[in-house]
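Peer 1:
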Amino acid sequence: MAIDEPQSNDPPEFIKRSSVYQEFLAEREEILKHKWLESERLGEDIGFEKALIDWVRNHRDAWRTNRRCTA
Numbered sequence: 176m177a178i179d180e181p182q183s184n185d186p187p188e189f190i191k192r193s194s195v196y197q198e199f200l201a202e203r204e205e206i207l208k209h210k211w212l213e214s215e216r217l218g219e220d221i222g223f224e225k226a227l228i229d230w231v232r233n234h235r236d237a238w239r240t241n242r243r244c245t246a
């Protein structure tokens with residue numbers, strides 16, 4: 176990559192259209208919602224990593240099951 180070449184954090188179109196990427200975005204959105212709700216409940220920001228771990232342990236299986244049933 177040339178030094179003056181602009182960098183973009185935006186993924187290529189073929190990645191954006193992939194079902195794996197779409198699933199990643201949907202899970203990420205749920206984790207961010209969980210982070211917000213738990214942070215509000217506790218009165219402090221719990222951080223993304225703690226929210227991620229808690230969501231995976233306690234909510235991901237049900238979320239995935241529900242997502243498959245409504246898809």
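Residue numbers for the sequence shown follow my numbering, so the first one is 176 and each next one is one higher. The beta carbon of each residue, even a glycine, is placed where N, CA and C say it ideally should be. Bear in mind the structure is a predicted one, so any value in this text is a computation, not a measurement.
Can you have a look at Ser193 and say buried or exposed, based on whether 16 or more other CB atoms are within 10 angstroms of its CB?
Peer 2: Taking the sequence shown and counting its residues from 1, the one referred to as residue 193 is at position 18. Flag for Ser193 reads exposed.
Peer 1: Measuring CB to CB, does His209 end up less than 8 Å from Ala226?
Peer 2: On the sequence shown, position 34 is the one that residue 209 refers to. On the sequence shown, position 51 is the one that residue 226 refers to. Yes; because the gap between Cβ atoms is below 8 Å, this pair is in contact.
Peer 1: On the criterion of 16 or more Cβ atoms from any shown chain inside 10 Å, does Trp230 qualify as buried, or is it exposed?
Peer 2: For the purposes of this step, residue 230 is taken as the residue at position 55 of the sequence shown. Its Cβ being crowded by 16 or more others within 10 Å, Trp230 is buried.
Peer 1: Just the C-alpha distance for Leu200 and Ile206, rounded to the nearest angstrom, thanks.
Peer 2: What you label residue 200 is simply residue 25 of the sequence shown in a count that begins at 1. What you label residue 206 is simply residue 31 of the sequence shown in a count that begins at 1. The alpha-carbon atoms of Leu200 and Ile206 are separated by roughly 10 Å.
Peer 1: Roughly how many whole angstroms lie between the Cα atoms of Met176 and Pro186?
Peer 2: As a first step, residue 176 is located in the sequence shown; it is residue number 1 there, counting from the start. As a first step, residue 186 is located in the sequence shown; it is residue number 11 there, counting from the start. Only weak support exists for where Met176 lies, its pLDDT of 46 falling under 50; the value from the coordinates is given anyway. C-alpha separation (whole angstroms): 16 Å.
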